[in-house]
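In our numbering, the protein residues as written are 14 to 119.
(1) When the distance is taken between beta carbons, is residue 60 closer than 9 Å to residue 8?
(2) Output needed for residue 100: all residues of its chain with C-beta closer than 7 Å, excluding positions within five of it in sequence on either side, in chain order.
(3) Bridge partners for residue 67 per DSSP, in chain order?
(4) Which residue marks the beginning of the beta strand (DSSP E) containing residue 46, and which one marks its end?
(5) Measuring alpha carbon to alpha carbon, tell me which of 93, 72, 74 ends up nearest residue 81.
Given below as structure tokens:
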């Protein structure tokens with residue numbers, strides 16, 4: 014499907030899927046692997062008990078940016094996010110602080 018055009022809706026919007034490419038990030042020397050605290054239990058009993066996060070990158074008119082999103086695993090809603098030109102620990106910390114200030118978990 015890479016390179017093919019897809020037409021959708023009344024507006025005949027056109028989206029062209031580009032070929033996927035691999036971006037590799039490497040951990041710092043001596044970095045520890047985080048423990049698996051969920052143990053594949055992806056259905057918590059209530060809101061704000063388990064949050065998960067991920068980072069992705071987006072191409073904008075001004076170049077690439079990184080998006081860190083925090084999701085409440087119970088509601089499956091994004092509860093905090095942050096965008097920056099650099100992918101570092103402060104990106105995730107800022108997204109986490111936004112989620113904490115918005116939701117005030119127990």
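Even for Gly, the Cβ is constructed at its ideal location relative to N, Cα and C.
To lay it out plainly:
(1) Any question about residue 8 goes unanswered here, given that the chain covers just 14 to 119.
(2) Sequence-distant Cβ neighbours of residue 100 in its own chain, meaning closer than 7 Å and more than five residues away, are 68, 79.
(3) Residue 67 is bridged to 82.
(4) For residue 46, there is no enclosing beta strand (DSSP E), since its DSSP letter is neither H nor E.
(5) Residue 93 is the option with its Cα nearest to residue 81.
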